[in-house]
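For what it's worth, the working numbering labels the leading residue of the sequence shown as 176, then goes sequentially. Don't be surprised by glycine CBs; every beta carbon is placed ideally from N, CA and C. All of these numbers come straight from a predicted model, not from anything done at the bench.
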Amino acid sequence: MTAQRTLVVAGASGIVGRAVLDLARATAGVDAIGLSRRPPDLADGPEHVALDLTDADSVRAAAPRLARATHLVFAALHEQPGLIRGWREEAQMRTNLAMLSTLGETLERHAPRLEHVTLLQGTKAYGVHLGRMTVPGRERAPRDQHANFYWLQEDWLRAAARRTGWRFTILRPQVVIGHALGAPMNLLAAIGLYAALQRARGEPLDWPGGPAYALECTCADLLARAILWAGTAETARDRTFNVTNGEAIAWPHLWPALAQMLGAEPGQERPQRLAEALPVREAEWSAIVRRHGLRDLSLRETAGDSFIYADFNFATGHTAPPPAALVSTVAIREAGFADCLDSEHMFAAWFERLRTLRILPPL
176 MTAQRTLVVA
186 GASGIVGRAV
196 LDLARATAGV
206 DAIGLSRRPP
216 DLADGPEHVA
226 LDLTDADSVR
236 AAAPRLARAT
246 HLVFAALHEQ
256 PGLIRGWREE
266 AQMRTNLAML
276 STLGETLERH
286 APRLEHVTLL
296 QGTKAYGVHL
306 GRMTVPGRER
316 APRDQHANFY
326 WLQEDWLRAA
336 ARRTGWRFTI
346 LRPQVVIGHA
356 LGAPMNLLAA
366 IGLYAALQRA
376 RGEPLDWPGG
386 PAYALECTCA
396 DLLARAILWA
406 GTAETARDRT
416 FNVTNGEAIA
426 WPHLWPALAQ
436 MLGAEPGQER
446 PQRLAEALPV
456 REAEWSAIVR
466 RHGLRDLSLR
476 ETAGDSFIYA
486 DFNFATGHTA
496 PPPAALVSTV
506 AIREAGFADC
516 LDSEHMFAAW
526 FERLRTLRIL
536 PPL
């Protein structure tokens with residue numbers, strides 16, 4: 176069957192890109208090309224072009240392979256080592272802008288059928304990383320006045336759309352849960368590895384973070400469905416949408432259920448920085464890998480900087496609860512995308528998938 180859509184998925188090896196490619200290959204009439212330095216962790220994955228989006232020559236050299244593109248899903252992200260500090264650094268913002276503009280300009284010249292671009296943002300658009308956020312975060316609110324590569328990319332995209340006639344959709348998920356090896360913001364891996372290490376010691380899964388606060392998660396599979404919907408829905412044309420599972424969670428309240436999913440006993444409150452406590456347990460992890468015949472991956476290869484991300488999300492070190500991080504998803508539902516998901520069910524399903532992939536040990 177001839178594809179009706181050809182997606183170019185930038186950031187193919189990341190959590191969002193991998194989920195989009197996985198859905199695309201199961202969707203009739205959709206073809207996909209993944210772009211990333213390394214291929215996504217998918218068996219029998221779609222076409223992959225190995226390139227570094229920070230290398231303009233590499234991007235331009237790939238142009239002939241991208242000529243049939245009709246849709247661009249820009250899920251690529253440059254994060255500096257150490258993660259959090261880079262969120263406010265000008266150099267990181269400029270790098271993320273250059274990645275989009277270089278690829279976009281290449282497609283403008285060489286992909287005449289390109290009609291739609293999906294751009295990913297998140298709740299940092301509402302200042303959540305700065306410890307402030309008006310609840311609920313609404314897409315129609317004035318732009319939060321802080322330096323952010325989101326605004327640089329969005330301004331570039333809007334100008335390109337005026338010039339080319341491209342349609343676009345901007346999606347703002349929160350705490351995306353899914354699988355990608357070495358991703359810097361992968362709470363699934365961070366929690367799963369912590370639980371596996373504790374189980375191997377015969378110790379409970381203590382809560383390592385701070386006070387409870389309300390936030391939301393977005394399943395990578397749900398987000399992938401929203402991305403494919405946005406690519407053709409007239410109601411998504413030139414719009415910005417929040418997209419989440421549709422319910423609030425609080426990490427300490429969810430923690431006992433997560434422990435049960437991972438075969439661990441729920442523990443007590445034991446504040447600790449996972450970014451400091453877990454990397455030094457590499458030898459323990461190697462023993463778990465050998466004992467259970469898991470894939471030969473180190474903690475770093477599996478989780479990247481995700482322990483740092485976990486500490487941030489879990490409010491580790493806080494004595495008072497951070498502000499609630501809640502967004503409205505009314506706009507996307509009114510536009511026609513109404514998928515929702517029980518977050519406990521989501522975590523349980525993803526942990527099972529990681530066991531099947533031999534990344535986490537069996538129960």
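>> What does the Cβ neighbour count give for T293, buried or exposed, with the cut at 16 atoms within 10 Å?
In response: buried
>> Just to confirm my understanding: we take Y325, look at its own chain, exclude 5 residues before and 5 after, and list those with CB closer than 6 Å. What are they?
In response: Q296 and A300
> If you count every other CB in all the chains shown that lies within 10 Å of the CB of H253, and 16 or more means buried, which is it?
Replying inline: buried
>> Using a Cβ-Cβ cutoff of less than 6 Å, which residues in the same chain neighbour H136 once the five nearest sequence positions on both sides are dropped?
In response: The structure shown does not extend to residue 136, since the chain is modelled only from 176 to 538, so the question has no answer here.
> Going by alpha carbons, who is nearest to G468 out of A411, E476, I507 and T531?
Replying inline: T531
>> Taking 6 Å as the limit between beta carbons, can you name the residues of its chain near P497, skipping five residues before and five after?
In response: Y388 and A490
> Taking DSSP as the reference, what is the three-state secondary structure of D396?
Replying inline: helix
> Does the pairing of the segment 409-425 with the segment 197-207 give three or more beta-carbon distances under 8 Å?
Replying inline: no
> If you drop the 5 nearest sequence neighbours on each side, which residues of the same chain put their C-beta closer than 8 Å to that of M176?
Replying inline: Residue confidence for M176 is low, a pLDDT of 49 falling below 50, so the modelled location carries little weight and cannot support an answer.
> When you compare only the Cα positions, how much space is there between D381 and R445?
Replying inline: 6 Å
> Between the C-alpha atoms of F487 and P287, what's the straight-line distance to the nearest angstrom?
Replying inline: 42 Å
> What residue range is occupied by the uninterrupted beta strand (DSSP E) comprising D230?
Replying inline: Taken as a continuous stretch (DSSP letters only), D230 belongs to no beta strand (DSSP E), as it is neither H nor E.
> For F512, does the three-state DSSP call read helix, strand or coil?
Replying inline: coil
> Starting from R213 and walking both ways along the beta strand (DSSP E), at which residues does that stretch end?
Replying inline: Element bounds for R213: n/a, residue is neither H nor E.
> Which ranges does the alpha helix (DSSP H) cover as unbroken runs of at least 4 residues, wholly within the segment 363-436, from first to last along the chain?
Replying inline: 395-405 and 426-436
> Just to confirm, are F418 and P317 a CB contact at a threshold of 8 Å?
Replying inline: Here residue 418 turns out to be Val, not Phe, going by the sequence shown. No, the Cβ-Cβ distance between V418 and P317 is not below 8 Å.
> What are the partner residues of T181, as DSSP defines its beta bridges?
Replying inline: Its beta-bridge partners are D206.
> Hey, L282 and A336 are a contact pair by Cβ (cut 8 Å); roughly how many whole angstroms apart?
Replying inline: With 8 Å as the limit, L282 and A336 do not qualify as a contact, their Cβ atoms being about 13 Å apart.
>> Per DSSP, what are the beta-bridge partners of H253 in this structure?
In response: Partner(s): none; H253 has no beta bridge.
> Thinking just about the alpha-carbon of each residue, which of E459, R338, I483 and A462 is nearest to the one in R448?
Replying inline: Ranked by Cα distance from R448, the first of E459, R338, I483 and A462 is I483.
> DSSP puts V191 in a beta bridge; with which residues?
Replying inline: BP columns for V191 are empty, so no partner.
> By the 10 Å Cβ neighbour count, where 16 or more other Cβ atoms means buried, how is V183 classified, buried or exposed?
Replying inline: buried
> If you check the beta carbons only, do E459 and S473 fall under 8 Å apart?
Replying inline: no
> Leaving out the 5 sequence neighbours to the left and right, which residues in its chain are closer than 7 Å to F571 when beta-carbon positions are compared?
Replying inline: The displayed coordinates of the chain run from 176 to 538. Any statement about residue 571 would go beyond what the structure contains.
> Taking the alpha carbon of R200 as the point to measure from, which residue in D219, A185 and G189 has its own alpha carbon closest?
Replying inline: D219
>> Out of P386, L272 and H354, which one is the CA nearest neighbour of C539?
In response: Any answer about residue 539 is impossible in this case: the structure gives the chain only from 176 up to 538.
>> On a Cα-Cα basis, can you pick out the residue from S461, R180 and L228 that is closest to A187?
In response: With distances taken between Cα atoms, A187 lies closest to L228.
> Based on Cα-Cα distance, which residue from V502, R284 and A452 lies nearest to M308?
Replying inline: The residue with the shortest Cα to Cα distance from M308 is V502.
> In whole angstroms, what is the alpha-carbon distance linking W341 and G192?
Replying inline: Rounded to whole angstroms, the gap between the alpha carbons of W341 and G192 is 21 Å.
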